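A.B. asks: In the numbering used here, the protein residues as written are 250 to 780.
Backbone N, C-alpha and C fix where the C-beta goes; we use that ideal spot for every residue, glycine too.
Fair warning: this is a prediction, and the values are worked out from it, not measured in the lab.
1. Take residue 497 and list the residues in its own chain whose beta-carbon comes closer than 8 angstroms to its own, dropping the five residues that flank it on each side.
2. Are the segment 615 to 625 and the segment 330 to 348 in contact at 8 angstroms, needing three or more beta carbon pairs?
3. For residue 740, count neighbouring Cβ atoms within 10 angstroms of its own Cβ and tell me buried if that reaches 16, exposed if not.
4. Pull up the distance between the alpha-carbon of residue 755 and that of residue 372, whole angstroms please.
5. Is residue 581 closer than 8 angstroms to residue 515 when the C-beta atoms are compared?
6. Is residue 431 helix, strand or coil when you go by DSSP?
7. Taking only three categories from DSSP, how would you classify residue 303?
8. In angstroms, rounded to a whole number, what distance separates the CA positions of residue 713 and residue 407?
9. Taking contact to mean at least 3 C-beta pairs separated by less than 8 angstroms, is the segment 412 to 430 in contact with the segment 391 to 403?
10. Pick out whichever of 431, 434, 504 has its Cα sitting closest to the Cα of residue 452.
11. Residue 298 by DSSP, collapsed to three states: which one?
12. Taking all protein chains shown into account, do 16 or more other C-beta atoms lie within 10 angstroms of the C-beta of residue 250, making it buried, or fewer, making it exposed?
13. Enumerate in chain order the residues of its own chain whose CB-to-CB distance from residue 482 is below 7 angstroms, with the five nearest sequence positions on each side excluded.
14. My assumption, with CB atoms under 8 angstroms, is that residue 584 sits in contact with residue 328. Please give the rounded CB distance.
15. Three Cβ pairs or more, each shorter than 8 angstroms: is that satisfied between the segment 346 to 353 and the segment 367 to 381?
16. If you compare alpha carbons, which of 320, 279, 332, 750 is closest to residue 304?
17. I'd like the ranges of any beta strand (DSSP E) spanning at least 3 consecutive residues and lying wholly in the segment 627 to 710.
18. Mind checking whether residue 357 and residue 313 have CB atoms under 8 angstroms apart?
19. Checking 8 angstroms against the spacing of the C-beta atoms, do residue 470 and residue 680 come in under that value?
20. If contacts are defined as beta-carbon pairs under 8 angstroms, then residue 576 and residue 701 qualify, I think. What distance do you get, rounded to the angstrom?
21. Label residue 706 either buried or exposed according to how many other C-beta atoms from any shown protein chain fall within 10 Å of its C-beta, with 16 as the threshold for buried.
22. Mapping DSSP to helix, strand and coil, what is residue 369?
23. Is it right to say residue 743 is buried, meaning 16 or more other beta carbons lie within 10 angstroms of its own, or is it exposed?
24. Can the beta-carbon of residue 517 be found less than 8 angstroms from the beta-carbon of residue 554?
25. Under the rule that 16 or more other beta-carbon atoms within 10 Å means buried, what is residue 445, buried or exposed?
26. Does residue 586 come out as helix, strand or coil in the three-state DSSP assignment?
27. List the endpoints of the continuous alpha helix (DSSP H) containing residue 761.
28. Report the option in 508, 280, 391, 439 whose CA atom is closest to the CA atom of residue 573.
29. Below 8 angstroms on the Cβ atoms is my contact criterion, and I expect residue 478 with residue 425 to pass it. Report the Cβ-Cβ distance as a whole number of Å.
30. Got a sec, what are the start and stop residues for the beta strand (DSSP E) residue 564 sits in?
31. Leaving out the 5 sequence neighbours to the left and right, which residues in its chain are closer than 7 angstroms to residue 390 when beta-carbon positions are compared?
32. Give the single residue among 579, 600, 546 whose Cα lies nearest to the Cα of residue 566.
33. With DSSP as the reference, label residue 310 as helix, strand or coil.
34. Round the Cβ separation of residue 296 and residue 285 to the nearest angstrom and send it over; I've been treating them as touching at under 8 angstroms.
35. Residue 831 bridges to which residues according to DSSP?
36. Between 674, 644, 678, 675, which lies nearest to residue 662 when the distance is taken from Cα to Cα?
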């Protein structure tokens, strides 16, 4: 009795044929491809891509106190990191100072604790902000952290208009996949559109948002869903800004994206190529953008944290290298490579260095950077790129028919789609259909090499509490309280809140005080619980 032939599919369920021929190419391939730096930007957003300069090599870091994180940043810069990427702890992300009851046990654990201008000064001590590109992974409190950063840069003598970097600031994906939100969507979208306006006038080289598919993928989506839900979020942001009276070409060139790089090598490359084409069409056809920069998809990528395993952690070095190469072949502008020990703890200094060296080896030794979009014209890659594109458009159209992104978040539609995808993946892993080396196949019979775990000392929280109380006590007069009252009044009206938050920061208000002033007006979002 003959065995049933095995069906091969990508991680997104797209069937993979045994061999591809010219007949599998899209009939309008030339139109879909275009040229690098020209609409629809399938082949890249720069004419000569990495022949001109390599992608920005970042290493995501932040833990404990500002002093400890500053030491790590200076070490990474000395080792060749081209840009900083700041991780914040949960209280900072959720708008609580270290002495708030909800901060207990979490201060400095998954990132650095920053609540004041003093801590921001320490975080970047000895680092001239005019010379470095900084990415801050912060969402609900992004306006506050950006205000700290700009105020510090100006103290250092830099001009705000020259600052380069990004704040993630993508709150919609927090409702969908991650959970670190504060305000309901209406208040959150107002803050974001106020930042678009303020940054276009004050920090034109700064990206006021990094619309993130990364966390959507980490929550369990497949590659098609990652793009579809990310672009649906992006449509909601642009739509809100346009409805607020902003000219699309005044801010769209500052929009950036953040994507995951997973294990399915060719699907990930095709995903990035399709993404550029889809975004170009959205901006040109839906929002009538005229400036080519408004149509260019510029993105940071990060290797997939969800693929890292606690079992045989040395295998993670191989996974990260393969994912990083897919990102480069897909045309990323910026890349973070995960460390081998991240399934166990915060990255140690030695593992962070190895992750950085992974990028440097790809850039210096593989020669894959010598030509632009090297896989263009591949029968398989072009077919896969087109199929991903088609699948993404189907989802985007369905979300619009259901009332748009916010409506689909409130109904739980997007969350349910991600959960179903995650469930199917887990079933395949449990059955062994989806192999994970060291977990459900090729398991060690002996003991694995022990990995040194980095730990954050518990006394750090006590010091942070003492520091924040001393900061409040030293403030003179009522300048801080006046600024907070102005912020609350502005939230009740139609003032630009980013401008008021910036003034609050310069008046020595803390992150928690500013967040609480907005909570009084906007309230707090309640998670969808219809499952």
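C.D. replies: Considering the structure as presented:
1. Locating residue 497 in the chain shown gives position 248, where the first residue counts as 1. Excluding positions up to five away in sequence, the list reads 487, 490, 491, 532, 536, 537, 538, 543.
2. no
3. For this step, residue 740 is matched to residue 491 along the chain shown. Under this definition residue 740 is a buried residue.
4. In the chain shown, counting from the first residue as 1, residue 755 sits at position 506. In the chain shown, counting from the first residue as 1, residue 372 sits at position 123. Whole-angstrom Cα-Cα distance: 17 angstroms.
5. Position 266 of the chain shown, counting from 1, holds the residue named residue 515. Position 332 of the chain shown, counting from 1, holds the residue named residue 581. No, they are not a contact pair.
6. Indexing the chain shown from 1 puts residue 431 at position 182. Note: residue 431 maps to coil in three-state DSSP.
7. Stepping through the chain shown from its first residue, residue 303 is reached at position 54. Three-state DSSP puts residue 303 in coil, outside helix and strand.
8. As a working note, residue 713 is residue 464 in the chain shown. As a working note, residue 407 is residue 158 in the chain shown. Distance between the alpha carbons of residue 713 and residue 407 is about 29 angstroms.
9. Remark: three or more beta-carbon pairs, one from each stretch, lie closer than 8 angstroms, so the segment 412 to 430 and the segment 391 to 403 are flagged as touching.
10. On the chain shown, position 203 is the one that residue 452 refers to. Comparing Cα positions, the closest option is 504.
11. In the chain shown, counting from the first residue as 1, residue 298 sits at position 49. Helix at residue 298.
12. What you label residue 250 is simply residue 1 of the chain shown in a count that begins at 1. Model confidence at residue 250 stands at a pLDDT of 48, short of 50, so the residue's coordinates are unreliable; what they give is reported in the following sentence. Residue 250 should be labelled exposed.
13. On the chain shown, position 233 is the one that residue 482 refers to. For residue 482, where only same-chain residues beyond five positions count, the Cβ hits under 7 angstroms are 419, 421, 422, 460, 654.
14. In the chain shown, the residue the question calls residue 584 occupies position 335. In the chain shown, the residue the question calls residue 328 occupies position 79. Contact flag wrong, Cβ pair sits at about 15 angstroms.
15. no
16. Translated into positions along the chain shown, residue 304 becomes position 55. Closest option to residue 304, Cα to Cα, is 332.
17. Contiguous beta strand (DSSP E) elements confined to the segment 627 to 710 do not occur, taking only those with 3 or more residues.
18. Start at 1 with the first residue of the chain shown, and residue 357 comes out as number 108. Start at 1 with the first residue of the chain shown, and residue 313 comes out as number 64. Result yes, Cβ atoms of residue 357 and residue 313 sit closer than 8 angstroms.
19. For the purposes of this step, residue 470 is identified with residue 221 of the chain shown, where counting begins at 1. For the purposes of this step, residue 680 is identified with residue 431 of the chain shown, where counting begins at 1. Against a cut-off of 8 angstroms, the Cβ pair of residue 680 and residue 470 comes out as no contact.
20. Looking up residue 576 in the chain shown gives position 327. Looking up residue 701 in the chain shown gives position 452. Contact doesn't hold; Cβ gap of about 28 angstroms is too wide.
21. Along the chain shown, read from residue 1 onward, the residue named residue 706 stands at position 457. Exposed, by the Cβ-count rule.
22. Within the chain shown, the letter at position 120 stands for residue 369. Helix.
23. For the purposes of this step, residue 743 is identified with residue 494 of the chain shown, where counting begins at 1. That one is exposed.
24. Along the chain shown, read from residue 1 onward, the residue named residue 517 stands at position 268. Along the chain shown, read from residue 1 onward, the residue named residue 554 stands at position 305. For residue 517 and residue 554, no; Cβs fall outside 8 angstroms.
25. What you label residue 445 is simply residue 196 of the chain shown in a count that begins at 1. Buried is the call here.
26. Here residue 586 is taken as the residue at index 337 of the chain shown, counted from 1. Correct three-state label for residue 586: coil.
27. Translated into positions along the chain shown, residue 761 becomes position 512. Where residue 761 is concerned, the enclosing alpha helix (DSSP H) stretches over 760 to 771.
28. Sequence index remark: in the chain shown, residue 573 carries index 324 (1-based). Checking every option, the nearest Cα to that of residue 573 belongs to 508.
29. Locating residue 478 in the chain shown gives position 229, counting from the first residue. Locating residue 425 in the chain shown gives position 176, counting from the first residue. Contact check for residue 478 and residue 425: beta-carbon distance about 7 angstroms, within the 8 angstroms limit, so the pair qualifies.
30. Here residue 564 refers to the residue found at position 315 when the chain shown is read from its first residue. Taken as a continuous stretch (DSSP letters only), residue 564 belongs to no beta strand (DSSP E), being part of the alpha helix (DSSP H) at 564 to 578.
31. As a position in the chain shown, residue 390 is number 141, starting the count at 1. The answer, listed in chain order, is 341, 342, 344, 760, 764.
32. Translated into the one-based positions of the chain shown, residue 566 becomes position 317. Relative to residue 566, the option among 579, 600, 546 whose CA is nearest is 600.
33. Sequence index remark: in the chain shown, residue 310 carries index 61 (1-based). Residue state, collapsed to three classes: strand.
34. Position 47 of the chain shown holds residue 296. Position 36 of the chain shown holds residue 285. Going by Cβ atoms, the distance from residue 296 to residue 285 rounds to 5 angstroms, so yes, they are a contact pair.
35. Since the first and last residues shown for the chain are 250 and 780, residue 831 lies out of range.
36. As a working note, residue 662 is residue 413 in the chain shown. Closest option to residue 662, Cα to Cα, is 644.
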